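Residue numbers (the working numbering): 161 to 512. From the three backbone atoms N, C-alpha and C, an ideal C-beta is built for every residue, glycine too. All values reported here derive from a predicted model rather than from experimental measurement. Below is one structure, written out as structure tokens; the observations come after it.
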């Protein structure tokens, strides 16, 4: 090892840096000088053969060569990267005057939007929104709702049984039962229960084996049908306009007594008769009634002290009436064109 050779390495290195034109050449040069078998590692290996009196001098020269390489390498690397960016900018200029690519966007599903609208309304009236399991037991789905084993109404439900005791809930009423049972202090309750329900049915334009319900329950002292009528009046006017008239008609449900059908005046014909109201001038939108004393007592409430009302909407039916939809299957196709129509009707901007 001699000083002249080290100086020559340094001079040659600077010349080679000056001739670099691309990253590949730069990496090759790095292998030549800094690789495992490169010039600089080899020089460090030869230091063991240098006389002790000269180790410091040669060590400084080798370190200087190494620093020269590192400084030159970083400088050339930065320069090449800058040139690459400049080339990309020059060759990939964006014409901002060209029309943009329009990206189709989805919309909130109409059923979810309607449920949220109803939830907001009920929350403003002091109700809590409660959910429950879709796989339910016979005990909650039937027995505690005044539908004991052998009751003929069980056959009418056409239930999806999983086992003799477990089933896909045929209504969201079990959520009401669970809430009453969970209320150990037996204080007043004011809840709505939205969710999917399941019944054996042949799917067609007006029927589905899966559909969405929103049921409500209010329990307190001195509750009457007048309270129920006032509550449902608010819902009808919110959904279908302030000029809607409403009425009760006698009906029957095992879990309410008395039971009623809730009708609204036809918003299409103004009660003169049309295809929507089947020439009657009225449209049924809900089933309701006063909570049956057997249900109250079965859930731990004293039917002598407490009364309450319950009601249930089919959300698909409400949406079909509100939006003029004549086929329930539309809600389950997930067609962006259909959803965007709903969005436009509600004033959204995600309209394709």
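- For a cut-off of 8 Å, the C-beta gap from residue 415 to residue 305 is around 4 Å, short enough to register as a contact.
- DSSP places residue 476 in the uninterrupted alpha helix (DSSP H) bounded by 475-483.
- For residue 231, the enclosing alpha helix (DSSP H) covers residues 215-251.
- One alpha carbon belongs to residue 249, the other to residue 243, and they sit about 10 Å apart.
- If you check the CB distance, residue 289 and residue 354 come in under 9 Å.
- Comparing alpha-carbon positions, the option among 456, 424 and 373 lying closest to residue 272 turns out to be 373.
- If you check the CB distance, residue 330 and residue 379 do not come in under 9 Å.
- Secondary structure of residue 284 (DSSP, three-state): helix.
- Below 8 Å, too few C-beta pairs join the segment 249-268 and the segment 191-205 to call them touching: fewer than three.
- Between residue 285 and the set 292, 422 and 388, the nearest pair of CA atoms involves 388.
- For the pair residue 422 and residue 447, the CB atoms are nearer than the 9 Å cut-off.
- About 11 Å separates the beta carbon of residue 186 from that of residue 229, a gap too long to meet the 8 Å contact definition.
- In the DSSP assignment, residue 289 forms a beta bridge with 352.
- The C-beta separation of residue 426 from residue 441 comes to about 5 Å, placing the pair in contact by the 8 Å criterion.
- Note on residue 207: under 16 other CB atoms within 10 angstroms of its CB, so exposed under the neighbour-count rule.
- Straight-line spacing of the CA atoms in residue 483 and residue 397 works out to 15 Å.
- Close CB contacts of residue 472 within its chain, under the 8 Å cut and outside five residues either way in sequence, are with 331, 332, 333, 373, 374, 375, 376, 446, 447 and 448 (chain order).
- Looking at the DSSP output, residue 374 sits in a beta bridge with 354 and 473.
- The beta carbon of residue 302 sits closer than 7 Å to the beta carbons of 314 from its chain, once the five residues preceding and following it are set aside; these are given in chain order.
- In this structure, residue 394 lies near residue 281, with their beta-carbon atoms less than 9 Å apart.
- Here residue 189 carries a helix assignment [DSSP, helix/strand/coil].
- In its chain, beyond the 5 residues on either side, 463 have a beta carbon closer than 7 Å to the beta carbon of residue 457.
- Residue 418 and residue 262 have their C-alpha atoms some 56 Å from each other.
- Of the candidates 385, 234 and 413, 413 places its Cα closest to the Cα of residue 312.
- A direct Cα-Cα distance of roughly 29 Å separates residue 478 from residue 299.
- If the five residues before and after residue 468 are omitted, its C-beta is found closer than 6 Å to the C-beta atoms of 378, 379, 383 and 451, all from its own chain and listed in chain order.
- For residue 447, no alpha helix (DSSP H) encloses it; the enclosing beta strand (DSSP E) starts and ends at 442-451.
- In the DSSP assignment, residue 461 falls outside any beta strand (DSSP E) and carries neither an H nor an E.
- For residue 314, the three-state secondary structure derived from DSSP is helix.
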